[in-house]
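Written out below as structure tokens is the structure these notes cover.
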Amino acid sequence: MDRRAADVAARSSGGRTGLVLEAAELSLVYEREGQPVRAVEEVDFKLEAGERLVLLGPSGCGKSSILKAVAGFLQPASGHILIRGQPVTGPGPDRIVVFQEFDQLLPWKTARQNVAFPLLVAKRIGRQEAYRYADDALRKVGLSHVLDAFPHTLSGGMKQRVAIARALVTQAEILLMDEPFAALDALTRNRLQTDLLALAEELKFTLVFVTHSVEEAVLIGTRIQVLGGRPGRTVATISVDAPQLKDRTTFEFQDIVRHIHGYLQSEGTEKAA
Amino acid sequence: MSEQVRSLERVRDVQPRIVREAKRNGWLRSATSSVFVRRLLVLVCLAAIWQFSAALAHNPILFPSFTETVSALAEAVWSENLLQYAFASVLVLLKGYLLGIGLALILVSFATLNNFLREALLTLTAMFNPLPAIALLPLAMLWFGLGEKSLIFVLLHSVTWPFSLATLTGFQSVPETQRLVGRNYGLRGVRYIALILVPSALPSIISGLKIGWAFAWRTLIAAELVFGVSSSSGGLGWFIFRNRNELFTDKVFAGLITVIAIGLVVEFGIFRALESSTVHRWGQQR
């Protein structure tokens, strides 16, 4: 028990400080039907421990490609991505991704087994211990009543909660979320946004979050990087860390949402011209 | 408004009648709702039709009735060691089947490594899958002689290619997100195949196991029929072949029924149980 408590303390993100992620002059190219498509050009960002960076932009601006590159699924065409000073060479469990698709949960595993899966794959702890961590994580996302349920019996929102629990349990250096709430209905989406924000404030994890929803970006992030154009470039960087911006009903929230919509719209007219 | 109320009342009126009817048909419905009972009913009907048409034909040498076949079956089991024949067949079958599955798993694992190996395996399956395995038996007998080795060689062929094809197709249809999840957690090589690809492709793999089993069973019986005794104790095909030569048609039927019975036991006892404890339970297949 002592060892476990010490372990949690050592691995908790709260204890971490300093520069976690750095991308410099990042350009990305992917292939579509044999043709190279330039997705992103010369995008820079830095992320300190505990910060939450939201990449915001319309579809096709390359924001998901950036996330794929940070995760290690896509090699940069030029520029570099550093995690704690080390270049990214491939996927790894220090950067856990939460996808938009519901089938990211493994259908042959229960909620508990799904969450324990990355811990068991890492082989650092035994099954009993992994299940205890999994149960803790599932309790954090409000799912302690469906520990033994298979994914196909869960609703879309519950599946995404399990996926978030599975990311949390790894205590990864960075969490990467690729529009995790985009396929949910509006009510469920609002509730999950609020809950994710509460978790982020409690656990202080480092997060890169991709979305095309301005409200979601303001609510979730500490900083928003607005991307636009094809290939995508940085249009603006906005700090949204203030506590009054974490409440949809405040004037400040409404105001900054309008302000950011302005950036996105001017980007749209520029493209049309 | 009053119109609506009246129509609502009409609905309320109808309800009890439906309930009553459901109660009247209750025992019949609950009896036929059991899958086992329904299947048994089908078999009983088939046996009755058989008995009736055999009585019409009235030619026991060519077309024995159901009851004659059953008594021939009982006699064959008691005095002619039919079960031993069946056991010999199943034993050879299992050897060939397991070897074939094992070989296919190795081939498919290599095929997941790169596109060249995958194309190579697809070409091999395209070549050998349409080739009836039994057509290789003469060659096998030249190479391995008359006996179990030849049979296992053709069984291997009848299982490996369809099972490889099903498994490879299953691997290819694993959702991209699940692949990324596996790689995200650092899974590679054999662990990636075993922990992500195989369970995700299990519906295809089970269907490949079934197809392989059916092919192997057919190939084995055909081999025993055409080429007679294959191992020291013979097999079911040999039993059928020998009794046909002596015009014991009822025993030929008894042999056929044994082949069918083993097929049914494997289908419902093994494959259905496997499906309901895995892919059905996990919602991968309905």
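Those sequence lines, one after another, are chains A and B. Read in our numbering, the first sequence has 229 at position 209, and its numbers run on one by one without any break. Read in our numbering, the second sequence has 64 at position 10, and its numbers run on one by one without any break. Glycine included, C-beta positions come from ideal geometry on N, C-alpha and C.
In terms of beta-carbon proximity, A154/A stays away from the interface with chain B, with every pair separated by 9 Å or more.
For V320/B, no beta strand (DSSP E) encloses it, and the DSSP letter there is neither H nor E. The beta carbon of S258/B sits closer than 6 Å to those of A220, T223, G224, all from its chain and outside the five residues before and after it, given in chain order.
Y239/B sits in coil when the DSSP states are folded into three classes, being neither helix nor strand. For P229/B, the chain A residues whose Cβ falls inside 9 Å of its Cβ are E121, D123, Q124, in order along the chain. Contacts with chain B at 9 Å (Cβ-Cβ) include F137/A. Take I258/A, set aside five residues on each side of it, and the residues of its chain with a beta-carbon closer than 6 Å to its own are I244, in chain order.
In the DSSP assignment, Q245/A falls within the unbroken beta strand (DSSP E) covering 243-248.
Non-local beta-carbon contacts of V228/B in its own chain, meaning distances under 8 Å to residues more than five positions away in sequence, involve I250, L251, S254, A255 in chain order. Here D198/A carries a strand assignment [DSSP, helix/strand/coil]. Membership of K179/A in any beta strand (DSSP E) is not indicated; the residue belongs instead to the alpha helix (DSSP H) covering 176-189.
As the crow flies, the alpha-carbon of I194/A is around 25 Å from that of P127/A. No residue range can be given for H232/A, since it is assigned to no beta strand (DSSP E) and is classified by DSSP as neither H nor E. Take G112/A, set aside five residues on each side of it, and the residues of its chain with a beta-carbon closer than 8 Å to its own are G92, in chain order.
In terms of beta-carbon proximity, T173/A lines the interface with chain B, with at least one pair separated by less than 9 Å. At the C-beta level, L163/A and A187/A stay beyond 9 Å of one another.
Put simply, the CB of R93/B is far from chain A, with every gap to its CB atoms at 9 Å or more.
The contact set of F229/A on chain B, defined by CB atoms closer than 8 Å, is empty, because the minimum CB distance reaches about 16 Å. Contacts between Q232/B and chain A, judged by CB atoms closer than 8 Å, involve D123, Q124, L126 in chain order. Taking C-alpha positions only, S175/A is separated from T109/A by approximately 36 Å. Within the stretch 259-271 of chain A, no residue has a Cβ lying closer than 8 Å to any Cβ of chain B.
Taking a beta-carbon distance threshold of 9 Å, S125/B does not count as an interface residue toward chain A.
In this structure, A277/B and I206/B do not form a Cβ contact; the two beta carbons are roughly 10 Å apart against a cut-off of 8 Å.
At a C-beta separation below 7 Å, G112/A has these neighbours in chain B: G240. In this structure, R253/A is the residue among Q264/A, R253/A, G248/A with its C-alpha nearest to the C-alpha of D64/A. The stretch 135-142 of chain B makes contact with the stretch 287-294 of chain B: 3 or more CB pairs, one atom from each, lie closer than 8 Å. For V235/B, a Cβ of chain A is located within less than 9 Å of the residue's own Cβ. The Cβ atoms of L94/A and F229/A lie no closer than 9 Å to each other.
Going by beta carbons, R115/A and V141/A fall outside the 9 Å limit. Proximity of chain B to F170/A at the Cβ level (cut-off 8 Å) is accounted for by R335, W336, G337, in chain order. Taking each of V96/B, F120/B, N113/B, H334/B in turn and checking the Cα distance to L310/B, the smallest one comes out for F120/B. Beta-bridge partners of A43/A (DSSP): F65/A, I101/A. In terms of CA proximity to R335/B, A169/A leads the group L223/A, A169/A, V238/A, Q191/A.
For A256/A, the enclosing beta strand (DSSP E) has its first and last residue at 253-259. By the Cβ-count criterion, G262/B is buried, with 16 or more other Cβ atoms from all chains shown falling within 10 Å of its own Cβ. In the DSSP assignment, L153/B falls within the alpha helix (DSSP H) that extends over 136-165.
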